[in-house]
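The numbering used here puts the first residue of the sequence shown at 1, with every later residue one more than the last. Where a beta carbon is used, it is the ideal one built from N, C-alpha and C, also for glycine.
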Amino acid sequence: MKRTFLHDNWQFRQAEQPGLPHAYGKAPSWLPAQVPGYVHLDLIANDIIADPLTEMHEVGAQWVDLEDWTYRTNFAWSPDSTCPRQVLKFNGLDTVCHIFLNNSLLATSENMFIPLETDVTTLLQPQNELEIRFQSPVKVGEQRREEYFAIEGLISETPNFEDRAFLRKAQYMFGWDWGPRLASCGIWRSVELQEFEGRILSFTLHQERLENGSFRVWSDTAVEGSGRLTTQFGNLPEVAGDFDLVIDNPTLWLPNGMGEQCLFEATAKLSTGDAMTKQIGLRTVSFDHERFELRVNDTKVWCRGANWIPVHSFPNSDNILLATHIESCKALNFNMLRVWGGGLYESEGFYDLCDLHGILVWQDFPFACSYYPDDQKAQAELEFEATHQLQRLRDRTSLAMLCGNNENEMMWNGKWGGRDISPPRYYGESLFTETLPRVINSLGIQTPYITTSPIDGGDEHYWEVWHGKGDWVHYADSKAKFCSEFGFSSASTSLTAENLKCPQYHWHDKSGKPFELWKSFVELHYPEAGSLEEWVYFSQLNQRDALQFGIEHFRRLDQCSGSLIWQWNNCWDAHSWAVYDFPHHLKPAAHELKRVYSDVVVCVEHTGSEVTLHLANASPVTQTIPIKIDLFLLSGSSVLAEPKTVSANVGIPAESSIPFETLCLPKNSVLRVRIQNDPTLDRIIFSDEPKNMVWPKPTYTAEVFGDDIHLNIQGIAPDLQACDQQPTRTVINETLVWQCPQPAVSSIIVRTLCGDSPVPLG
Ligand code: BMA
Numbered sequence: 001m002k003r004t005f006l007h008d009n010w011q012f013r014q015a016e017q018p019g020l021p022h023a024y025g026k027a028p029s030w031l032p033a034q035v036p037g038y039v040h041l042d043l044i045a046n047d048i049i050a051d052p053l054t055e056m057h058e059v060g061a062q063w064v065d066l067e068d069w070t071y072r073t074n075f076a077w078s079p080d081s082t083c084p085r086q087v088l089k090f091n092g093l094d095t096v097c098h099i100f101l102n103n104s105l106l107a108t109s110e111n112m113f114i115p116l117e118t119d120v121t122t123l124l125q126p127q128n129e130l131e132i133r134f135q136s137p138v139k140v141g142e143q144r145r146e147e148y149f150a151i152e153g154l155i156s157e158t159p160n161f162e163d164r165a166f167l168r169k170a171q172y173m174f175g176w177d178w179g180p181r182l183a184s185c186g187i188w189r190s191v192e193l194q195e196f197e198g199r200i201l202s203f204t205l206h207q208e209r210l211e212n213g214s215f216r217v218w219s220d221t222a223v224e225g226s227g228r229l230t231t232q233f234g235n236l237p238e239v240a241g242d243f244d245l246v247i248d249n250p251t252l253w254l255p256n257g258m259g260e261q262c263l264f265e266a267t268a269k270l271s272t273g274d275a276m277t278k279q280i281g282l283r284t285v286s287f288d289h290e291r292f293e294l295r296v297n298d299t300k301v302w303c304r305g306a307n308w309i310p311v312h313s314f315p316n317s318d319n320i321l322l323a324t325h326i327e328s329c330k331a332l333n334f335n336m337l338r339v340w341g342g343g344l345y346e347s348e349g350f351y352d353l354c355d356l357h358g359i360l361v362w363q364d365f366p367f368a369c370s371y372y373p374d375d376q377k378a379q380a381e382l383e384f385e386a387t388h389q390l391q392r393l394r395d396r397t398s399l400a401m402l403c404g405n406n407e408n409e410m411m412w413n414g415k416w417g418g419r420d421i422s423p424p425r426y427y428g429e430s431l432f433t434e435t436l437p438r439v440i441n442s443l444g445i446q447t448p449y450i451t452t453s454p455i456d457g458g459d460e461h462y463w464e465v466w467h468g469k470g471d472w473v474h475y476a477d478s479k480a481k482f483c484s485e486f487g488f489s490s491a492s493t494s495l496t497a498e499n500l501k502c503p504q505y506h507w508h509d510k511s512g513k514p515f516e517l518w519k520s521f522v523e524l525h526y527p528e529a530g531s532l533e534e535w536v537y538f539s540q541l542n543q544r545d546a547l548q549f550g551i552e553h554f555r556r557l558d559q560c561s562g563s564l565i566w567q568w569n570n571c572w573d574a575h576s577w578a579v580y581d582f583p584h585h586l587k588p589a590a591h592e593l594k595r596v597y598s599d600v601v602v603c604v605e606h607t608g609s610e611v612t613l614h615l616a617n618a619s620p621v622t623q624t625i626p627i628k629i630d631l632f633l634l635s636g637s638s639v640l641a642e643p644k645t646v647s648a649n650v651g652i653p654a655e656s657s658i659p660f661e662t663l664c665l666p667k668n669s670v671l672r673v674r675i676q677n678d679p680t681l682d683r684i685i686f687s688d689e690p691k692n693m694v695w696p697k698p699t700y701t702a703e704v705f706g707d708d709i710h711l712n713i714q715g716i717a718p719d720l721q722a723c724d725q726q727p728t729r730t731v732i733n734e735t736l737v738w739q740c741p742q743p744a745v746s747s748i749i750v751r752t753l754c755g756d757s758p759v760p761l762g
């Protein structure tokens with residue numbers, strides 16, 4: 001089989017509208033284009049629009065989504081008698097478009113989530129012109145909504161039944177409470193010409209644990225055309241046709257933190273020249289709906305991780321950073337990511353990395369916070385889409401949960417937008433209660449499925465803090481069995497605008513929350529920020545405290561079996577609930593996740609003037625944990641008083657939490673609880689709100705040794721930030737070491753809750 005990517009010679013322009021001038025006369029003639037890509041990216045590259053992800057340029061780019069856009073390329077082709085068939089494969093077209101080959105209509109497409117394939121065996125010529133005409137997604141959505149509403153007798157004010165629901169296109173592109181509205185269009189995934197005599201259409205791996213613990217593993221390969229098929233599992237001998245094996249005493253694949261991720265390679269080959277390779281880990285996944293509890297290889301998993309949104313507003317540009325993302329998730333002790341329903345079915349690269357690093361995937365089908373058309377056409381479209389995606393993802397080792405949508409049912413139950421104007425029924429319901437279960441069953445897929453998240457009697461999206469009471473101490477009110485969303489916003493690290501009044505700064509806050517209100521949440525705990533830098537610092541520390549408090553609470557709740565914070569990442573540079581800044585920077589909250597997501601962790605409960613210390617153990621074994629508690633008294637401006645120390649060993653049963661100490665902290669003191677002699681697991685507790693603490697200034701000395709900076713801290717440096725490479729944390733009488741920046745500097749700025757200190761490098 002010959003595979004030729006058609007990524008060269010592409011051009012684009014605003015579509016011709018006979019008799020009308022081009023809307024803005026901005027891209028009237030053919031200009032060079034990048035494929036895969038998006039029209040906005042091409043407009044930026046050709047200097048027609050400013051990058052809409054920066055400043056307030058989103059506003060100036062809105063016209064783009066109202067236009068139709070045409071892409072074209074040409075390619076030469078010559079017949080090859082060994083490859084008698086030719087197929088054009090478009091791996092992703094976003095979204096509504098007509099495709100022309102040599103000026104004849106070849107196909108239409110209107111779903112960005114499925115590839116399109118067309119047989120062009122009798123159509124190719126020595127020189128070929130391929131043209132794709134995209135229609136404005138915004139206009140198509142508007143028109144479809146109008147037509148559907150007319151048939152259904154719905155009023156146009158019907159809330160949460162927007163144009164976006166009428167397009168099978170990533171919903172976040174129409175704007176979200178953390179992302180810009182850039183609906184865009186484009187050839188977002190690869191385009192290829194496949195020429196063959198025979199080819200492998202699909203190579204699916206199945207596994208089943210037998211009663212004796214062995215695993216049966218078999219393949220199911222679909223072939224088109226001629227050729228002799230052979231397959232191979234691991235380093236076992238190749239077999240003719242599909243393999244069907246029993247593996248005795250296999251090394252199992254385990255989620256991150258529970259052991260290794262053993263993956264076997266399996267390959268299918270066709271004698272006519274096609275091949276496909278996959279990786280598979282052996283494991284079982286089961287789910288107790290009643291308890292909302294996931295088990296992998298019969299062991300309960302305390303699910304910990306985050307909600308994942310697409311990593312970019314134009315989702316073709318994701319791959320470079322994917323590895324950094326998933327490796328960070330692993331390093332921060334995550335074992336689960338929820339691919340949220342306002343986004344995508346992610347790329348192969350994403351699931352490869354999750355398989356490799358032991359990150360279980362909870363996959364929402366891409367529907368979110370909306371009613372959806374559910375007529376026969378919509379059902380058939382979803383049936384086709386889900387069949388394709390489930391065939392693609394079904395043998396992913398990391399795939400642990402399927403979910404129909406994000407918050408649609410919750411929206412219907414709560415009559416979001418007003419009871420009076422809500423539609424008379426839950427539009428879209430049958431897609432999740434009938435269509436998807438039917439597809440899942442017909443394919444024999446065993447992955448647990450829930451119709452929606454949150455689901456009655458199951459998981460919870462706990463927004464009573466951020467969208468409600470404001471103070472994160474109210475996470476303690478949640479009785480969640482599984483908290484699959486909760487989060488607290490913080491400023492983006494990269495802010496450079498001159499002051500908080502700058503409109504550009506607020507433009508990138510889509511939450512709709514008045515800034516003064518948000519600021520007041522932070523000022524419950526931290527002082528009023530005097531500068532933008534301080535605002536970034538305080539709001540990010542407050543986010544860290546919020547997630548720490550929430551997760552420590554969930555870890556202590558007997559019935560709770562998981563916590564997924566909202567949200568891991570951003571699709572542009574914005575202040576949001578993300579703990580991973582765009583394009584890649586970990587906020588203090590992310591570093592704290594590493595600790596609170598450890599198997600054994602100290603959790604703090606505040607009751608009046610007392611603090612009770614708990615140990616939570618998410619592992620399946622009883623543990624004995626060495627504990628050392630140091631109390632530091634801070635007196636006025638003087639140095640520290642002698643620390644008061646308590647040491648003990650505490651036994652803690654598997655999958656449980658226990659209180660082990662209750663203390664009353666003296667005013668203006670700092671408690672450090674160290675477990676397992678591991679400073680990275682230190683839990684630091686201030687006796688008072690950070691804004692009310694009086695800090696004696698620590699002393700700093702910094703020296704350069706070879707390629708490293710050594711920063712020595714005498715005293716307590718509360719929430720010290722010294723460089724990008726060090727997590728923000730309270731440092732007590734320690735020396736920190738990190739690599740010198742390039743170019744070399746003569747001094748460094750150390751930021752703590754005591755203020756900023758310039759420290760010369762000795
Ligand atoms: C949840 C999510 C998103 C949203 C977030 C913050 O509802 O599912 O829709 O971005 O809350 O409001």
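- Per the C-alpha coordinates, the member of Leu390, Ser489, Leu541, Asp477 positioned closest to glutamine 446 is Leu390.
- Contact between aspartate 374 and glutamate 429 holds, with the beta-carbon distance rounding to 7 Å and staying under 8 Å.
- With distances taken between CA atoms, serine 576 lies nearest to Pro180 out of Pro180, Glu147, Glu157, Val120.
- Between the ligand BMA and alanine 368, a heavy atom-to-CB distance of less than 7 Å is present.
- Taking C-beta separations shorter than 6 Å and ignoring five residues to either side along the sequence, the partners of glutamate 129 in its chain run Asn74, Asn102, following chain order.
- Looking at the DSSP output, glutamate 293 shares a beta bridge with Asp288.
- Between the region 405-425 and the region 150-170 there are three or more inter-stretch CB-CB distances shorter than 8 Å, so the stretches are counted as touching.
- Using a Cβ distance threshold of 8 Å, valine 673 and valine 602 count as a contacting pair.
- When only Cα atoms are considered, proline 366 and glycine 342 end up about 6 Å apart.
- The Cβ-Cβ distance between isoleucine 748 and asparagine 733 does not fall below 8 Å.
- Not one heavy atom of the ligand BMA sits closer than 7 Å to the Cβ of glutamate 162.
- Alanine 268 is positioned such that its CB atom lies closer than 8 Å to that of leucine 229.
- Tryptophan 63 is classed as exposed because its beta carbon has fewer than 16 other beta carbons within 10 Å across all chains shown.
- Asparagine 249 has its alpha-carbon roughly 47 Å from the corresponding atom of methionine 173.
- Taken through DSSP and simplified to helix, strand or coil, valine 465 comes out as helix.
- Here the distance from the Cβ of glycine 186 to the nearest heavy atom of the ligand BMA is not below 7 Å.
- Remark: the shortest separation between the CB of asparagine 406 and any heavy atom of the ligand BMA falls under 7 Å.
- When DSSP assignments are scanned along the region 8-77, the uninterrupted stretches of alpha helix (DSSP H) that are 4 or more residues long and fall wholly within it turn out to be 39-45, 57-60.
- Taking valine 536 as reference, the option from Lys513, Ser492, Thr624 with the minimal CA-CA separation is Ser492.
- At the C-beta level, leucine 615 and valine 650 come within 8 Å of one another.
- About 5 Å separates the beta carbon of glutamate 689 from that of histidine 525, a gap short enough to meet the 8 Å contact definition.
- Residue environment: glycine 281 is assigned as buried (16 or more neighbouring CB atoms within 10 Å of its CB, all protein chains considered).
- Isoleucine 200 is positioned such that its CB atom lies no closer than 8 Å to that of threonine 231.
- Within its own chain, the residues whose Cβ lies closer than 7 Å to the Cβ of tryptophan 466, once the five positions on either side in sequence are excluded, are Gly487, Phe488, Ser489, listed in chain order.
- In the same chain as phenylalanine 350, and ignoring 5 residues on each side of it, the C-beta atoms closer than 7 Å to its own belong to Leu322, in chain order.
- It is roughly 39 Å from the alpha-carbon of glutamate 552 to the alpha-carbon of valine 704.
- Going by C-alpha positions, threonine 4 is about 36 Å away from arginine 144.
- Counting the other Cβ atoms within 10 Å of the Cβ of proline 760 gives fewer than 16, which makes it exposed.
- For isoleucine 114, no beta strand (DSSP E) run applies, since DSSP gives it neither H nor E.
- With a cut-off of 8 Å on Cβ pairs, the region 414-421 is not in contact with the region 377-387, counting fewer than three such pairs.
- In this structure, glycine 562 lies away from phenylalanine 521, with their beta-carbon atoms at least 8 Å apart.
- In chain order, Lys691 place their CB closer than 6 Å to the CB of proline 527, counting only its own chain and leaving out the 5 sequence neighbours on each side.
- A distance criterion of 7 Å places the beta-carbon of glutamate 131 beyond contact range of the ligand BMA, judged by its closest non-hydrogen atom.
- It is roughly 26 Å from the alpha-carbon of aspartate 51 to the alpha-carbon of glutamate 131.
- If only uninterrupted beta strand (DSSP E) runs of at least 3 residues are considered, those enclosed by the region 619-675 are 623-633, 644-652, 656-664, 669-675.
- For phenylalanine 660, the closest C-alpha among the options Pro666, Ile675, Pro115 is that of Ile675.
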